[in-house]
Every structure is written in C-alpha cells, then in structure tokens.
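Engineer:
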Amino acid sequence: MVRAGVAHFSEHQLMQLSGGGAAFMGLESGAAKGMGKLVSAYYRGMDSGVKAGKFPEIPSALAYCYSEKKHVEGYANVYVPRVVNAETPVIMFLHGYGGSFGFYLHYFATLFPKSVVLCPAYGVSMARVPDRYLSECLGECSRVLGLKVAKPVLVGLSAGGNGGFRHYARCGGDYKGYVCMVSYPPKDVLNVLTEAQVSKVRIIAGGNESFVRRGLLARRARYLKLGGDSVRVVKGKGHFLMLEDEETTRSWLMDAVQGLEVD
C-alpha cells in the first residue's frame, strides 16, 4: 500500500491515510493515528507557507525511498540560504523509518534559516546507511554550491538516530558533533566512540518511549559517561516529540546545534 500511495498521493495525503504514514515510521496503531493528525496539521501549515511564497515547494523523496529498483545515484533535498560561504553552518539530517518526508527539511530550514540543511534519502531507513553515501552527499553539495562547505552537525531521527550513531562512531572527525532525536546509542557503538566524540553528543527523547521507561537510555548514557546536560528527556511525550511538543523540541535543538557549532 505504501508504494502505491507514494505513486498516487501527495505526502500530505499519505499521512492522512488513517495514520498509515505514522505506522510506517514504526509506531503502534494508536500512536500512529495521533501522530498522523499532528503531521497532517504540520503539512497544512507548510502548504500554506508555500502558497504564500514564504517557502519553496519541496520535491518528494518518497518515490525514491520506496522504489523497488536499485538506484545508481543518490538523492537529497537541500535547503540553501540566500547567503552561502565557507563559514555557513551546515546540518546533515538522517531520516528514520518510513523514508525522507519533505516536512523534515522544512522543520530544520525554518529553525535554522541561515544554515545549509542536507536531507539525504536512503531507502526506508537509515539505520545502516553507508558512510560513503553520506560523504558523497556532502561532496556533491560542495560541488553544486561551488565551495567547500563547512563541517556539518549530524542529526539523526529514530532509526536514523541509530544509524547516525554508527556513522558518527566511524567518521566523527567529519562532523562538529552529533544530535540524536528519539533514539539511543546502539550496543555496537558503546566501545567504539571516543571520549572526544562522546563530549559532542546530544540526545533528546520523550519520557513515554519504551527505551526510556525501561531505563535503557539512562544505562547507555551512564556507560558513555554522558553529562546531564547532554541528555534531555521530555516527560509525558512519545516517539514523535518533534511535533508533540514542538516548542520544547525546537528550543532544545537550537541550543544543541548552535552549541556544537561554536565548540
């Protein structure tokens, strides 16, 4: 149903299919319906801004993500501010399970309008995205802009949060730091991350997440000796924290990303 939906519906319509789009992101049926309403509301606001000329229309990457054929080229949507130079901040965002939805780019571009925002697409999930794929994405961005872009802050969401930790553990020197949203460090990176890398990790999650309630996030954070300021748990919120409590999430992201950019 997803592949047919991608072919015949807009992203906004897809997310309205009884919470179907939310289910593809790994949520249970009850949570999926609630999240579907939140995303639909966000898309309505986003579409209004596009129609009013406040933001350019974002090409959908979902057909690419759900294509059954093997791609020979990568895909990324990129937000470019009006003024770009070698000092312009850069954010590399890794999507979670369900593919690269356009509202992710809008969310970060409206929060960081003076930054370059890269949203590469990689199939249904970025849990195991290859290092080379992300490196080539950054290189292609530099080529198109005609300058070597600044070292990015890496941001991973959900399954992309796990994949982001794995990528950051192997290629931490390529980034100013790592921001993990609604996910936690997978076991396979715990003994790989260096002290210097860990010092530039930031994590945010909802208190209703199962991995938070079971104490998994707290145990992994203690193992890595992550400081109290590095991990934020928002009580009463769940997996789609970025829209469940948009004000808190945006405020935290602003502090986390800008803090890493100046370190």
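Heads up, the sequence shown is in my numbering, so the first residue is 1328 and it goes up one at a time.
Glycine included, every Cβ here is placed at the ideal spot set by N, Cα and C.
A quick note: this is a predicted structure, and the numbers were derived from the prediction, not measured.
Check whether the segment 1497-1516 and the segment 1569-1584 touch, using three or more Cβ-Cβ pairs below 8 Å as the test.
Structural biologist: Counting Cβ pairs under 8 Å, three or more are found: they touch.
Engineer: Can you tell which of L1517, R1559, R1529 and M1419 has its C-alpha closest to the C-alpha of A1477?
Structural biologist: Counting from 1 along the sequence shown, the entry for residue 1477 is found at position 150. For the residues L1517, R1559, R1529 and M1419, the minimum Cα distance to A1477 belongs to M1419.
Engineer: With 16 as the cutoff for other CB atoms within 10 Å, does V1325 come out buried or exposed?
Structural biologist: Because the chain in this structure spans residues 1328 to 1590, residue 1325 falls outside the shown range and cannot be described.
Engineer: By Cβ distance, which residues of its chain are closer than 7 Å to Y1369, with the 5 residues on each side in sequence left out?
Structural biologist: One-based indexing of the sequence shown puts residue 1369 at position 42. Excluding sequence neighbours, Y1369 sits near F1430 and L1570.
Engineer: For L1587, which of A1548, P1479, I1531 and T1415 has the nearest alpha-carbon?
Structural biologist: To locate residue 1587, count along the sequence shown from 1; it is residue 260. For L1587, the nearest C-alpha among the options comes from P1479.
Engineer: Thinking C-beta only, is Y1406 closer than 9 Å to S1427?
Structural biologist: On the sequence shown, residue 1427 is found 100 positions in, with the first residue counted as 1. On the sequence shown, residue 1406 is found 79 positions in, with the first residue counted as 1. No, these two residues do not count as a Cβ contact at 9 Å.
Engineer: Helix, strand or coil for A1448? Go by DSSP, reduced to three states.
Structural biologist: Working through the sequence shown from its first residue, we reach residue 1448 at position 121. Reduced to three states, the DSSP call for A1448 is strand.
Engineer: On the criterion of 16 or more Cβ atoms from any shown chain inside 10 Å, does A1448 qualify as buried, or is it exposed?
Structural biologist: Counting from 1 along the sequence shown, the entry for residue 1448 is found at position 121. Burial call: buried.
Engineer: Starting from F1420, trace the beta strand (DSSP E) in both directions and tell me its first and last residue.
Structural biologist: Within the sequence shown, residue 1420 is the residue found at index 93, counting from 1. V1417 to L1421 is the extent of the beta strand (DSSP E) around F1420.
Engineer: If you count every other CB in all the chains shown that lies within 10 Å of the CB of V1399, and 16 or more means buried, which is it?
Structural biologist: Here residue 1399 refers to the residue found at position 72 of the sequence shown. V1399 comes out exposed.
Engineer: Please go through the segment 1354-1439 and give each complete beta strand (DSSP E) segment of 3 or more residues, from N-terminal end onward.
Structural biologist: Complete beta strand (DSSP E) runs here, min 3: 1402-1406 and 1417-1421.
Engineer: Report back the beta-carbon spacing between Y1495 and V1451 to the nearest angstrom; my notes put them in contact at under 8 Å.
Structural biologist: Here the question's residue 1495 lines up with position 168 in the sequence shown. Here the question's residue 1451 lines up with position 124 in the sequence shown. About 21 Å; that fails the 8 Å criterion.
Engineer: Whole angstroms is fine: what's the gap from S1537's alpha carbon to L1520's?
Structural biologist: Taking the first residue of the sequence shown as position 1, residue 1537 is located at position 210. Taking the first residue of the sequence shown as position 1, residue 1520 is located at position 193. Cα to Cα, S1537 sits roughly 24 Å from L1520.
Engineer: Find out if the Cβ-Cβ distance for the pair V1417, L1438 is shorter than 9 Å.
Structural biologist: Walking along the sequence shown from the start, residue 1417 turns up at place 90. Walking along the sequence shown from the start, residue 1438 turns up at place 111. It is not a contact, given that the beta carbons lie outside the stated cut-off.
Engineer: Decide if G1534 is buried, meaning its Cβ has at least 16 other Cβ atoms within 10 Å, or exposed.
Structural biologist: For this step, residue 1534 is matched to residue 207 along the sequence shown. The residue is exposed, with fewer than 16 neighbouring Cβ atoms inside 10 Å.
Engineer: Any idea if L1389 is buried or exposed, counting beta-carbon neighbours within 10 angstroms, 16 or more meaning buried?
Structural biologist: On the sequence shown, position 62 is the one that residue 1389 refers to. With 16 or more other Cβ atoms within 10 Å, it is buried.
Engineer: At the level of alpha carbons, what is the spacing between R1459 and N1518?
Structural biologist: Reading the sequence shown from its first residue, position 132 is the one you call residue 1459. Reading the sequence shown from its first residue, position 191 is the one you call residue 1518. R1459 and N1518: Cα-Cα distance of roughly 22 Å.
Engineer: State the CB to CB distance for the pair V1525 and L1551, rounded to an integer number of angstroms; the pair is presumed to be in contact (CB under 8 Å).
Structural biologist: Here residue 1525 refers to the residue found at position 198 when the sequence shown is read from its first residue. Here residue 1551 refers to the residue found at position 224 when the sequence shown is read from its first residue. Yes, they are in contact, since the Cβ atoms of V1525 and L1551 sit about 5 Å apart, within 8 Å.
Engineer: Return the CA-CA distance between R1540 and R1549, expressed in angstroms with no decimal places.
Structural biologist: By one-based count along the sequence shown, residue 1540 stands at place 213. By one-based count along the sequence shown, residue 1549 stands at place 222. Spanning the two alpha carbons is a distance of roughly 15 Å.
Engineer: Y1495 by DSSP, collapsed to three states: which one?
Structural biologist: Residue 1495 sits at position 168 when you count from the first residue of the sequence shown. Residue state, collapsed to three classes: helix.
Engineer: Can you look up L1484 in the DSSP assignment and give me helix, strand or coil?
Structural biologist: As a working note, residue 1484 is residue 157 in the sequence shown. Correct three-state label for L1484: strand.
Engineer: A1523 lies in the alpha helix (DSSP H); which residues open and close that run?
Structural biologist: The sequence position of residue 1523 within the sequence shown is 196, counting from 1. Segment E1522 to V1525, the alpha helix (DSSP H) holding A1523.
Engineer: Whose CA, out of G1504, S1462, K1514 and E1574, lies closest to the CA of L1481?
Structural biologist: As a position in the sequence shown, residue 1481 is number 154, starting the count at 1. Per the Cα distances, G1504.
Engineer: With DSSP as the reference, label V1506 as helix, strand or coil.
Structural biologist: By one-based count along the sequence shown, residue 1506 stands at place 179. In this structure, V1506 counts as strand in the three-state DSSP scheme.
Engineer: Use the C-beta contact count for N1412: other C-beta atoms within 10 angstroms, 16 or more gives buried, fewer gives exposed.
Structural biologist: Within the sequence shown, numbered from 1, the residue matching residue 1412 stands at position 85. Exposed.
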